[in-house]
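Okay, so here's the structure we're looking at.
2 protein chains.
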Amino acid sequence: MKAVSSSAPPGREIFAPFAMVARALGHPCRLGLLQLLAQGERSVEALAEQAGLGLANASQHLQQLRRAGLVATRRQGNRIFYRLSDRAVVALLSALRRLAERNLSEVARLVERHFKVLDQAEPIGPVELVQRMKKGLVTLIDVRPAEEFAQGHLPGALNLPLAELGRRARLLPRRRAVVAYCRGPYCMLSYEAVARLRRRGFTALRLEDGVPEWRARGLPVERGAPQALAPQRRKGGAAARRLCAANRR
Amino acid sequence: MKAVSSSAPPGREIFAPFAMVARALGHPCRLGLLQLLAQGERSVEALAEQAGLGLANASQHLQQLRRAGLVATRRQGNRIFYRLSDRAVVALLSALRRLAERNLSEVARLVERHFKVLDQAEPIGPVELVQRMKKGLVTLIDVRPAEEFAQGHLPGALNLPLAELGRRARLLPRRRAVVAYCRGPYCMLSYEAVARLRRRGFTALRLEDGVPEWRARGLPVERGAPQALAPQRRKGGAAARRLCAANRR
DNA sequence: CTTGCATTCAAGAAATCTGTTGAATACTAT
DNA sequence: ATAGTATTCAACAGATTTCTTGAATGCAAG
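Structure (structure tokens):
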């Protein structure tokens, strides 16, 4: 950018810091990194791998995010963990998503179509989920990797990472519908999970929100406990009761 | 950006549209244009002039905003009027501002310092304004140009554009404190107005919000009526009553 | 101190973005 | 039609961004 055209109206530089933050959000890779970080803190290496980026490249993207104040770092021994600097970041991302959904109908249609192939049905919202859980109508599964589940998950959810879905799907009760959720509205894990479950004859639905959105709504999140890998779990009954108890307050 | 490094994790392109919207916000000039548009619709020419941009340059920035779905256009005869496409845009800008304020303390300090020279006192919030207006303690002035005032202003505000402040300041009551507002938290008009009024011996304060923020809070806005240019107006009394009435609902 | 590991820095090529200029388009008024 | 106005388009130079590669840094373990 050259010297601003003619008479620079005063108070233009004021916007520079804000523009910098917006710019930091302005790259698909960085949005992907932020979505991952919204699940919990991670090392550079883990982020690079899960985002499918080269190491140095991921590092540079992360530093850009840090310069913009969107993420913060913590050193632990040899490695450096990145995390969202503030839960307002999730709010900003949600605002961005809402607006892009409304206004970019052209692109949004394409995205939707691309996903609708996997999931023809509307996702259900958090309110409806709680109602159905209360009635014991659904089994709630978290299809993210176990580590992310450990860092926070919906109360009463079973952790069934997509990778293990093939092996463990048969353990799900067939009577109840299965509701799957993952990292967020634009994470494809749950789309994929729902598609696979349907192919196996399950009644499967997607939860609209991911964990970050759920948390941002002020709804309760259960931490820790990567869940016993025990394939045989009282499926749904106890879990549903826990979810309801947590939501009743 | 080349082909994404190695194995493109699925669902990366999904973020592209969102990144595009964020990018559109990622330039100081475009943020300035959006701030102007938040006051009301405008022609390209008016926008270019007020933002201090070349005509073609402004046009291109505006088209970028339109491609991102942030603004929309309307043709009227010879000219084209741009407007915000959705009030969610103001919400997004506010979210951006909040986050940048919190996290970019380094830059924020500089900005603040730059402004604190003009305004040493904290701005007052909308709640406090309503209270003081109710008690008839303050005169509320809108220091934006008359056209913007006409497109929407706080109930009971007097329009005293910065350009006319010199001539008309003497007409303000000296007993009451003067509260000035303008386009938003990072518009310098009100800073400047407050500084000038103080130099003249007034007790002057800045309102934290501008009209867009006020509106976004769901507070009432009076439209039309560029206000009689009559220098002699029952200053504050009737205005205050109107503001209070409007806010009471 | 040396080694190994995680991360960052540095440099360079390719792509993208910006602002300017001058021409082209779309509409109004004469 | 013709002239005039408002806006957009096209093209270009300069700046910035992005990703890759390879080296440098900081820390922990031996």
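So the protein lines, in turn, are chains A and B. Number 32 in this note's numbering belongs to position 32 of the first sequence; there are no gaps in the numbering. If you want this note's numbering, it's the 1-based position in the second sequence plus 1000. Note that beta-carbon positions come from the ideal geometry of N, C-alpha and C, so glycine has one too. These figures come from a predicted structure and were not determined experimentally.
According to the neighbour-count rule (16 or more other Cβ atoms, all chains shown, within 10 Å of its Cβ), is residue i buried or exposed?
i: Leu1055/B; result: exposed
i: Val89/A; result: buried
i: Ala1121/B; result: exposed
i: Arg223/A; result: exposed
i: Ala3/A; result: Because the pLDDT at Ala3/A is just 37, under 50, the model does not fix this residue reliably, and the value given afterwards should be weighed accordingly. Exposed, by the Cβ-count rule.
i: Pro1017/B; result: buried
i: Gly1201/B; result: exposed
i: Leu99/A; result: buried
i: Ala169/A; result: buried
i: Gln39/A; result: buried
Using the Cα positions of residue i and residue j, report the straight-line distance between them to the nearest angstrom.
i: Gln1035/B; j: Cys1182/B; result: 11 Å
i: Glu1213/B; j: Glu1128/B; result: 15 Å
i: Pro123/A; j: Leu1197/B; result: 56 Å
i: Ala1058/B; j: Leu1093/B; result: 20 Å
i: Phe1081/B; j: Pro161/A; result: 51 Å
i: Gly69/A; j: His1153/B; result: 34 Å
i: Val221/A; j: Gly184/A; result: 15 Å
i: Ala146/A; j: Asn159/A; result: 7 Å
i: Gly136/A; j: Leu1037/B; result: 50 Å
i: Leu1065/B; j: His1027/B; result: 11 Å
i: Arg42/A; j: Gly1156/B; result: 53 Å
i: Ala1046/B; j: Leu1219/B; result: 28 Å
i: Ile1014/B; j: Leu1165/B; result: 51 Å
i: Arg199/A; j: Arg1097/B; result: 46 Å
i: Pro173/A; j: Arg206/A; result: 17 Å
i: Ala1024/B; j: Arg87/A; result: 23 Å
i: Gly1125/B; j: Leu1104/B; result: 22 Å
i: Tyr191/A; j: Leu140/A; result: 14 Å
i: Met188/A; j: Cys1029/B; result: 35 Å
i: Glu148/A; j: Gly1077/B; result: 57 Å
i: Tyr186/A; j: Val1021/B; result: 15 Å
i: Asn1247/B; j: Val1194/B; result: Annotation note: pLDDT 45 at Asn1247/B (below 50); position unreliable, coordinate value reported separately. Taking the straight line from one Cα to the other gives about 25 Å.
i: Gly1052/B; j: Val1130/B; result: 34 Å
i: Arg167/A; j: Ala150/A; result: 21 Å
i: Arg1132/B; j: Arg79/A; result: 54 Å
i: Val1211/B; j: Arg102/A; result: 24 Å
i: Ala163/A; j: Ala48/A; result: 19 Å
i: His61/A; j: Gln1063/B; result: 27 Å
i: Ser1085/B; j: Arg1075/B; result: 14 Å
Mapping DSSP to helix, strand and coil, what is residue i?
i: Gln151/A; result: coil
i: Leu207/A; result: strand
i: Ala68/A; result: coil
i: Gln39/A; result: helix
i: Leu1160/B; result: coil
i: Ala1121/B; result: coil
i: Arg1175/B; result: coil
i: Arg167/A; result: helix
i: Phe1081/B; result: strand
i: Arg75/A; result: strand
If I'm right that residue i touches residue j with Cβ under 8 Å, what's the distance once you round it to whole angstroms?
i: Ala1216/B; j: Val1178/B; result: About 24 Å separates the two Cβ atoms, so there is no contact after all.
i: Ala72/A; j: Arg83/A; result: 6 Å
i: Arg176/A; j: Val143/A; result: Not really, about 16 Å apart at Cβ, beyond 8 Å.
i: Leu1031/B; j: Ala19/A; result: 6 Å
### Task
Using a Cβ-Cβ cut-off of less than 7 Å, give me the residues of the stretch 21-37 of chain A that come near chain B, in sequence order.
Only Val21, Ala22, Arg23, Leu25, Gly26, His27, Pro28, Leu31 and Gly32 from the stretch 21-37 of chain A bring a Cβ to less than 7 Å from some Cβ of chain B.
### Message
Using a Cβ-Cβ cutoff of 7 Å, what residues of the stretch 75-97 of chain A are near chain B? List them in chain order.
### Response
If the cut-off is 7 Å between Cβ atoms, the stretch 75-97 of chain A has Ser85, Asp86, Ala88, Val89, Ala91, Leu92, Ala95, Leu96 and Arg97 near chain B.
### Task
Return the residues of the stretch 194-227 of chain A that lie within a Cβ-Cβ distance of less than 8 Å from chain B, sorted by chain order.
Those would be none; no residue qualifies.
### Query
Taking a cut of 9 Å between CB atoms, which residues from the stretch 1131-1158 of chain B lie near chain A?
Per Cβ criterion, the list is empty.
### Message
So if I threshold CB-CB distances at 8 Å, which residues from the stretch 1058-1070 of chain B count as touching chain A?
### Response
Of all residues in the stretch 1058-1070 of chain B, Ala1068, Gly1069 and Leu1070 have a Cβ within less than 8 Å of some Cβ in chain A.
### Query
For the stretch 162-194 of chain A, which residues have a CB atom closer than 9 Å to at least one CB atom of chain B, in sequence order?
Result list: Tyr186, Cys187, Met188, Leu189, Tyr191 and Glu192.
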